[in-house]
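First the structure, in the form of structure tokens, and then the observations on it.
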Amino acid sequence: MSWTLLVTIGFYTLGLLHSCLGFYQKRQIFVTLALGLVGAGFLFHTIFLVGLGLERGHFPITDLPESLSFFAWSITLTFIVASIRYRYNVLGAFVLPLVSLLMILSGVAWEENHAIPPLLRSRWLYFHVSVAFLAYAGFFLMFIAALLYLIQEKELKSKHFRFLYFRLPALQACDELMRNSLFVGFIMMSLTIVTGAFWGQQAWGRFWSWDPKETASLITWSIYLLLVHYRLSGGWRARRAAYVSIAGFASMLITFGVNAGLHAYL
Amino acid sequence: MSDLVLIGLNHRTAGVEKRERAALPATEVPGALADLTARPGIQEALILSTCNRVEIVSRVDETSSAFGVLESFLAEVSGLPQTELADSLYRYAGNLAVQHVFRVTSSLDSMILGEPQILGQVKSAYGLAVEAGASGTVLNNLFQAAFRVAKRVRSETSIGEYSVSVSSAAVELARKILGNLGSKVILIVGAGKMGEGTVRHLADGGAGSIFVTNRSAEAAGELAERFHGTAVPFDQLRYWLAHSDIIIVSTAAPNVIIDRGMVASAMHIRRNRPIVFIDMSVPRNVDPAVSDIDNAFCYDIDDLGAVVEANLEERRGAAAVAEKLVHQETEAFWARMKSMDVAPMVVEVRRRIEEVCHSELERYLKRNGPRDPKEIKELEIMVSRIAGKMSHPLVTQIKSAHEDPTHERALLTVVSRLFRFHKDPG
Chain A
1 MSWTLLVTIG
11 FYTLGLLHSC
21 LGFYQKRQIF
31 VTLALGLVGA
41 GFLFHTIFLV
51 GLGLERGHFP
61 ITDLPESLSF
71 FAWSITLTFI
81 VASIRYRYNV
91 LGAFVLPLVS
101 LLMILSGVAW
111 EENHAIPPLL
121 RSRWLYFHVS
131 VAFLAYAGFF
141 LMFIAALLYL
151 IQEKELKSKH
161 FRFLYFRLPA
171 LQACDELMRN
181 SLFVGFIMMS
191 LTIVTGAFWG
201 QQAWGRFWSW
211 DPKETASLIT
221 WSIYLLLVHY
231 RLSGGWRARR
241 AAYVSIAGFA
251 SMLITFGVNA
261 GLHAYL
Chain B
1001 MSDLVLIGLN
1011 HRTAGVEKRE
1021 RAALPATEVP
1031 GALADLTARP
1041 GIQEALILST
1051 CNRVEIVSRV
1061 DETSSAFGVL
1071 ESFLAEVSGL
1081 PQTELADSLY
1091 RYAGNLAVQH
1101 VFRVTSSLDS
1111 MILGEPQILG
1121 QVKSAYGLAV
1131 EAGASGTVLN
1141 NLFQAAFRVA
1151 KRVRSETSIG
1161 EYSVSVSSAA
1171 VELARKILGN
1181 LGSKVILIVG
1191 AGKMGEGTVR
1201 HLADGGAGSI
1211 FVTNRSAEAA
1221 GELAERFHGT
1231 AVPFDQLRYW
1241 LAHSDIIIVS
1251 TAAPNVIIDR
1261 GMVASAMHIR
1271 RNRPIVFIDM
1281 SVPRNVDPAV
1291 SDIDNAFCYD
1301 IDDLGAVVEA
1311 NLEERRGAAA
1321 VAEKLVHQET
1331 EAFWARMKSM
1341 DVAPMVVEVR
1351 RRIEEVCHSE
1361 LERYLKRNGP
1371 RDPKEIKELE
1381 IMVSRIAGKM
1391 SHPLVTQIKS
1401 AHEDPTHERA
1411 LLTVVSRLFR
1421 FHKDPG
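Protein chains in written order, with the working numbering: chain A, 1 to 266; chain B, 1001 to 1426.
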């Protein structure tokens, strides 16, 4: 395993620890430190992925370990952006564990030698798969925001002011985070479907084939379209939206996992 | 030799009547300090008198006799018989006195842990002592250190952070729901005292616009004026419910003024934007069922009490950290103070020896007439060297007395006696 990857994992782990500490102790200093550490890790992760891409001669998202690593990278990116905007103690503690998990899985599934299926040798690969992962990352963040909203709302309505009440951000803040990540995720998802259509045209001669992954992503996209509509038209009942976004996230996971039919290379 | 002692009573050791009698108004403190420092064995003194405690801190010649002097002094100024006073008094000496001063100033001994007023009160007491000339190097160092420690406690622990009053708890809840309150609309229903405190907190925290309504238009107008808000007619309550984000209800009405139905329709008009009710009235004026409505939050006085209690619990956690900090600072301060103590003694020992040597030389020169300036110079050098050689072993012993605390006191007392130090210089 290359040393950049080890350094990356080291920084991510330290960042996760500091986030959890800051979350538990409610001290801002740990959260700031965590952001710095994760930022450093992100830098090395980028170097690693770029190096990997150059070494293998293609954008590193052609097999499972590569995509897991890239997915972790996308989540870290959204985490950093969200953390700079909203310095919430809680984000790191909830988001970073997934990053670490993905990195571990990627390491475990690592293949030194692999051949790219001929279908993946295309410029569209870069664009389509990277926006897909950014969409996943955005929706994941929205899922977390929805969870936080529901938990905090429960604390506030139950009128028992306990552990989580002190540590979660204001309802309004959770709602804002939900809204922002929704828009980012939705735009990315739309781009994913569009670029996928164009790539499909190039690779298989058809814009749309109704293969399992395409269908699943259309369903996911529709759920989020519903949420966007809800948001824009007003009458936004945050709690209901939170539930729907959890459903949307489940749909997203299925979309990510479905690798049959035309999309069967992973 | 000097020692540090402290006596006092506080809200835990004495009831309010005793504390009232023992308390000294600020005008009487300078006189009392002058009286106190004139008494035998009392070198420096400071009197702290607040509604929750009366304490006297003093640098004294000798600890055990000093307690007696301070206690009889307090009995005199308070008019309380000494036996009655003795029941409530706590006594501290040496580093325990330092620790107590640090704890009190950092609000760790206060009735409400982490309260901010005590620091100001200690600073005033210190100011009075300095003005009256009752505070010298030791107390000056002690209290300046105490202010630094209090600042550290405040900034390094979260002891001051949680709302422990009902009004600030209300604001905290509003923030937890609505986020930043800057653009939010507040409606005050009624003119109750409790409501006022909350509005003041909200206004200070930078809330948006304030509207006031009351069955009596006059009362509404008066309150509105006080908060730079706008009075609105009571019969428009339904309209204002729909257009406000935070509603504070504090009236004398014995029944529900705002029911579930009213809030449901308000929410409909508001497109479900969140709304927070703070019902400070007893009996409640807001239907508790309002809480069941999506995005509507209603808190009564008991709920606010629960927030305060939860916050106090958090403060207690922070207090544990603060106590450790204070303990460390006490040790550091005490070590510094001990090392400082010998400095004046060393200076005095050297001075006395040199004085004797030089005065003898002068007498000799006077008796035996003028001499060659070079010879005089040499004699002066010789005399200085004698003085130095005599004082050097003494000074070394005094300074190293620190390393051996058991013999230290004995040694320093002997040195004091030998050189007949009556009152310690410095």
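The C-beta atom is built at its ideal place from N, Cα and C for all residues, glycine as well.
Within 7 Å, strictly: CB atoms of Phe30(A) and Leu21(A): yes
Where Asp334(A) falls: helix, strand or coil (DSSP): Chain A is shown only over 1 to 266; residue 334(A) falls outside these bounds and no answer can be derived.
Leu148(A) at chain B interface by Cβ criterion, 7 Å: At a cut-off of 7 Å, the C-beta of Leu148(A) has no neighbouring C-beta in chain B.
Residue range of the beta strand (DSSP E) that includes Tyr88(A): Element bounds for Tyr88(A): n/a, residue is neither H nor E.
Rounded straight-line distance, which links the Cα of Gly1182(B) to that of Arg85(A): 19 Å
Where the beta strand (DSSP E) containing Gln1043(B) begins and where it ends: 1042–1049
Segment limits, alpha helix (DSSP H) that includes Tyr1126(B): 1117–1131
Beta bridge counterpart(s) of Tyr243(A) as assigned by DSSP: According to DSSP, Tyr243(A) bridges with nothing at all.
Proximal chain B residues relative to Arg239(A), where beta-carbon distance stays under 7 Å: Asp1294
Beta-bridge pairing of Ala1093(B) - partner residues as DSSP gives them: According to DSSP, Ala1093(B) bridges with Val1005(B).
Chain B within 7 Å of Ile187(A), Cβ atoms only: no
Contact the segment 1226–1243 of chain B vs the segment 1166–1178 of chain B: 3+ CB pairs below 8 Å: no
Inter-stretch contact (C-beta, 8 Å, three-pair minimum) for the segment 1113–1122 of chain B and the segment 1026–1045 of chain B: no
Under 7 Å (Cβ pairs) to chain A, residues found in the segment 1167–1179 of chain B: Arg1175, Lys1176, Ile1177, Leu1178, Gly1179
Backbone CA spacing between Leu266(A) and Asp175(A) [nearest angstrom]: Note that Leu266(A) scores a pLDDT of 47, beneath 50, so its modelled location is shaky; the value from the coordinates is reported in the next line. Using only the alpha carbons, I get a separation of about 36 Å.
8 Å Cβ shell around His1201(B) - same chain, five flanking residues per side excluded: Excluding sequence neighbours, His1201(B) sits near Ser1167, Ser1168, Ala1170, Val1171.
Beta-carbon gap between Val1104(B) and Val1060(B) smaller than 7 Å: no
Beta-carbon proximity of Gly138(A) to Met188(A), cut-off 7 Å: yes
Assigned secondary structure, Ala146(A) (DSSP; H/G/I helix, E/B strand, else coil): helix
Among Gly1197(B), Thr1198(B), Gly1190(B), nearest to Glu1218(B) - alpha-carbon criterion: It is Gly1190(B).
Cβ contact (3+ pairs, closer than 8 Å) linking the segment 1282–1291 of chain B and the segment 1251–1258 of chain B: The count of Cβ pairs closer than 8 Å, one atom from the segment 1282–1291 of chain B and one from the segment 1251–1258 of chain B, reaches three, so the stretches are in contact.
Beta carbon proximity, Asn1272(B) to chain A, threshold 7 Å: Residue contact check for Asn1272(B) against chain A: a CB pair falls below 7 Å.
Short Cβ contact (7 Å threshold) for Arg1315(B) with Ile1159(B): yes
Whole-Å CB distance - Glu1071(B) paired with Ile1007(B), under 8 Å assumed: 6 Å
Exposed unless 16 or more other CB atoms sit within 10 angstroms - verdict on Ser1020(B): Checking the sequence shown, residue 1020(B) turns out to be Glu, not Ser. Exposed.
Proximity below 7 Å, CB of Ala1266(B) to CB of Ala1242(B): yes
Range covered by the alpha helix (DSSP H) that runs through Glu176(A): Secondary structure note for Glu176(A): its alpha helix (DSSP H) is the uninterrupted segment 171–204.
Sequence-distant residues of its chain with Cβ nearer than 6 Å to Leu102(A) (five each side left out): Leu68, Phe71, Ala72
Any C-beta of chain B under 7 Å from that of Phe161(A): Yes, Phe161(A) counts as interfacial toward chain B.
Whole-angstrom C-beta distance between Ser1106(B) and Ala1149(B), which should lie under 8 Å: Contrary to the premise, residue 1149(B) reads as Val rather than Ala in this sequence. Confirmed, about 6 Å.
Minimum length 3: unbroken beta strand (DSSP E) runs contained in the segment 1235–1273 of chain B: Listed in chain order, the complete beta strand (DSSP E) runs (minimum 3 residues) inside the segment 1235–1273 of chain B are 1246–1249.
For Val1290(B) and Arg1260(B), the rounded distance between their alpha carbons: 5 Å
Buried versus exposed, by CB contacts within 10 Å (16 or more), Cys1051(B): Its Cβ having fewer than 16 others within 10 Å, Cys1051(B) is exposed.
Cβ pair count under 8 Å reaching 3, the segment 211–227 of chain A against the segment 252–259 of chain A: yes
Secondary structure of Leu96(A), DSSP reduced to three states: helix
Within chain B, the residues that Gln172(A) reaches when beta carbons sit closer than 8 Å: Ile1177, Leu1178, Gly1179, Asn1180, Pro1274
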